[in-house]
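Residue numbers (the UniProt record's numbering): 1 to 219. Yeah, the Cβ is synthetic: ideal placement off N, Cα and C, and Gly gets one too. Right, one structure below, let's go through it.
Structure representation (structure tokens):
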């Protein structure tokens, strides 16, 4: 896919770090999230937008574990807590790296059993196969960018809620109803990014796309 510049998180490099460090604002935790690769950044954005995720932390801790007769140190990429209480540790890897490294696969399996014994639901491996699915990724990056921009005022939110009611409505029709369609467009994208207005991110978002107010969010 083509990674569009406007979706970039802040990218910094330091003399002590060979890896790039991506920093973006988390919607879930209202804090900064650190990622060390594009894949990790994209994956964390998808997790941050998941309405079932209520807690997200990157590089949450490190453990010592024994593998092939040696003590090693492992730091998970991301920890997420789901709305139903499940705890998942996430490891981001490119498919080629994972499939061509038998020792890495064995390490992941070893760590998965260790974490399950410690009470975590699972250690999940996410690759570009799960993350770089279009148009979901492009939609998610765009929505996340809008959701971290200026918050619409309460009056504008109430206006959109009144126009939508409890029914699904197309974006084009909703903005035609609004007296200031262009102005409300930014508010609409902000609310979609915050999951206050529900939208199917797996399909292209067009004026024909139907959206609805989330029943989990009142006024």
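Pairwise C-alpha distance: residue j and residue i
| i | j | result |
| --- | --- | --- |
| residue 145 | residue 26 | 11 angstroms |
| residue 154 | residue 185 | 15 angstroms |
| residue 237 | residue 40 | A query on residue 237 cannot be resolved here, the shown segment of the chain reaching from 1 to 219 and no further. |
| residue 125 | residue 91 | 5 angstroms |
| residue 52 | residue 131 | 17 angstroms |
| residue 127 | residue 142 | 21 angstroms |
| residue 206 | residue 170 | 9 angstroms |
| residue 174 | residue 38 | 35 angstroms |
| residue 218 | residue 152 | 15 angstroms |
| residue 193 | residue 140 | 8 angstroms |
| residue 110 | residue 183 | 53 angstroms |
| residue 100 | residue 210 | 43 angstroms |
| residue 85 | residue 62 | 22 angstroms |
| residue 114 | residue 156 | 50 angstroms |
| residue 58 | residue 133 | 22 angstroms |
| residue 136 | residue 204 | 8 angstroms |
| residue 121 | residue 23 | 27 angstroms |
| residue 196 | residue 83 | 16 angstroms |
| residue 98 | residue 112 | 15 angstroms |
| residue 208 | residue 178 | 16 angstroms |
| residue 69 | residue 35 | 31 angstroms |
| residue 43 | residue 163 | 34 angstroms |
| residue 118 | residue 32 | 27 angstroms |
| residue 65 | residue 105 | 15 angstroms |
| residue 200 | residue 168 | 12 angstroms |
| residue 116 | residue 74 | 15 angstroms |
Beta bridge counterpart(s) of residue i as assigned by DSSP
| i | result |
| --- | --- |
| residue 70 | 67 |
| residue 32 | 25 |
Integer-rounded CB distance, given that residue j should sit under 8 angstroms from residue i
| i | j | result |
| --- | --- | --- |
| residue 76 | residue 89 | 4 angstroms |
| residue 67 | residue 93 | Actually they do not touch by this definition, with Cβ atoms about 17 angstroms apart. |
Member of the options whose CA lies at the smallest distance from the CA of residue i
| i | options | result |
| --- | --- | --- |
| residue 81 | 212, 37 and 123 | 123 |
| residue 198 | 214, 183, 187 and 208 | 214 |
| residue 202 | 46, 65, 116 and 178 | 46 |
| residue 29 | 97, 50 and 167 | 50 |
| residue 54 | 87, 32, 69 and 64 | 87 |
| residue 149 | 72, 73, 105 and 190 | 190 |
| residue 129 | 216, 112 and 95 | 95 |
| residue 187 | 161, 74 and 79 | 161 |
| residue 79 | 102, 60, 97 and 118 | 60 |
| residue 212 | 166, 48 and 70 | 166 |
Chain C within 8 angstroms of residue i, Cβ atoms only
| i | result |
| --- | --- |
| residue 93 | Going by chain labels, chain C is absent from the structure shown, which holds only one protein chain. |
Kindly provide the ranges of any beta strand (DSSP E) runs that are 3 or more residues long and lie completely inside the UniProt domain "TnsA endonuclease N-terminal" (50-120), ordered along the chain.
-> Correct list: 53-58, 63-67, 70-74, 78-82 and 87-92.
Quick one: complete alpha helix (DSSP H) runs, 4+ long, within the region 169-214?
-> 171-177 and 181-193
Continuous alpha helix (DSSP H) assignments of at least 4 residues falling wholly in the region 122-154 | 128-131 and 136-147
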